[in-house]
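Trainee: In the working numbering, the protein residues as written are 440 to 754.
Ideal placement from N, C-alpha and C gives every residue a C-beta, glycine not left out.
The model shown is predicted, which means the values in this text are computed figures rather than measured ones.
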Ligand code: HEM
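(1) Which two residues bound the contiguous beta strand (DSSP E) that contains residue 631?
(2) In this structure, does DSSP put residue 658 in helix, strand or coil?
(3) When the Cα of residue 580 is compared with those of 648, 636, 717, 588, which residue comes out closest?
(4) Alpha carbon to alpha carbon, what distance is there between residue 701 and residue 553?
(5) Taking the alpha carbon of residue 467 as the reference point, which residue from 587, 662, 600, 693 has its own alpha carbon closest?
(6) How about residue 568 and residue 679: do their beta carbons lie closer than 9 Å?
(7) Spell out a yes or no on whether the segment 641-659 and the segment 714-723 are touching, meaning 3 or more CB-CB pairs, one atom from each, closer than 8 Å.
(8) Considering only the beta carbon of each residue, do residue 582 and residue 570 sit closer than 9 Å?
(9) Using C-beta distances below 6 Å, list every residue in its chain close to residue 723, excluding the 5 sequence neighbours before and after it, in chain order.
(10) Using three-state DSSP, classify residue 489 as helix, strand or coil.
(11) Express the C-alpha separation of residue 578 and residue 643 in angstroms, rounding to a whole number.
(12) So what's residue 603 in DSSP terms, helix, strand or just coil?
(13) Would you check if there are 3 or more beta carbon pairs closer than 8 Å linking the segment 447-456 to the segment 691-711?
(14) Check whether the Cβ of residue 587 sits closer than 8 Å to any heavy atom of the ligand HEM, and report yes or no.
(15) Who does residue 478 pair with in a DSSP beta bridge?
(16) Between which residues of its own chain and residue 494 is the CB-CB distance below 8 Å, once the five residues before and five after are set aside?
(17) Taking 8 Å as the cut-off, is the CB of residue 629 close to at least one heavy atom of the ligand HEM?
(18) Is any heavy atom in the ligand HEM found nearer than 8 Å to the beta carbon of residue 654?
(19) Span of the alpha helix (DSSP H) holding residue 562?
(20) The ligand HEM and residue 621: does the residue's C-beta get closer than 8 Å to at least one heavy atom of that ligand?
(21) When burial is assigned at 16 or more other CB atoms within 10 Å of the CB, is residue 532 buried or exposed?
What follows is the structure, given as structure tokens:
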């Protein structure tokens, strides 16, 4: 296991191994982390629809309907349909050379072998996904501008170092140094808004919904999980080290599977994911209303890493 980092608490075959350049990866930290730990193909190619659903449910403890929906959108926009038949494997079945030696019996054997190939041609429809295909851009694709740690306009399959460091910079609160280092749902919403404000063109409504969903879902699966705690703590902070490992290195955070570790204890369902995406949209909307009201003029705002306040600049 040369390039692997032995990650405490992971079974042997699921240790973190950073991807080789030849391996296919996506712009999604959730999928890349699963491939880097071998919960889906480490090659990142020919991931099948049901394997992806099973892995999403197992690793992130999301519900089957939510996993189904996420996988379905990914496969629909970037997946590949192909026919596979067991005959593909049997094309090279040897035609027996031994046995009867008369030419009639040889002919018969050849005919039988051919018949066996024809009979074994039972085509199956395969729906597979290469992770890198998710980085394709276009109106009907998922990948969009204003990502948290991926650059605008370019197909990207690994986090951008510069964007990761400014993203993590927001998690360091110099105004309230006693506060735990990390990001709340509100911080993530503001970060998304600031990335959108600096992107070359506004997101389509489909891509905006996707982006809000990603913010909400990331918070749901990474925030600290306590038993007997209400699900509505928007102020729960995703710790800095978890952000670094998941967004920056695309690995499952240390202690993921431990009791009291980062993996969600309660299953994350479709309605909850939708509610969080709406929360993110509302946080952004409320913030923008407030600034427009305050200044009575269109404004362009930045979130500065030094603090969690929003600094406004007139255009
Ligand atoms: C637990 C499940 C998942 C979580 C928590 C998750 C989370 C995220 C997050 C946070 C991002 C944004 C990265 C950034 O802004 O830099 C992202 C991006 C993306 N995800 Fe996922 N994801 C999940 C499942 C999936 C699935 C199943 C697919 C498709 C098969 C998918 C496809 C994508 C794509 C294409 C992007 C790139 C969008 C962009 O341009 O930012 N994700 N995901």
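Mentor: Taking the geometry as given:
(1) From DSSP, residue 631 is part of no beta strand (DSSP E) but of the alpha helix (DSSP H) over 624-636.
(2) helix
(3) 648
(4) 56 Å
(5) 587
(6) no
(7) yes
(8) no
(9) 628, 632
(10) helix
(11) 8 Å
(12) helix
(13) yes
(14) yes
(15) Answer by DSSP bridge pairing: none, since residue 478 is not bridged.
(16) 473, 478, 479
(17) no
(18) yes
(19) Segment 562-568 is the beta strand (DSSP E) holding residue 562; no alpha helix (DSSP H) there.
(20) no
(21) Because residue 532 sits at a pLDDT of 48, beneath the cut-off of 50, its placement in the model cannot be relied upon, and the following sentence gives the value as read from the coordinates. Result: exposed.
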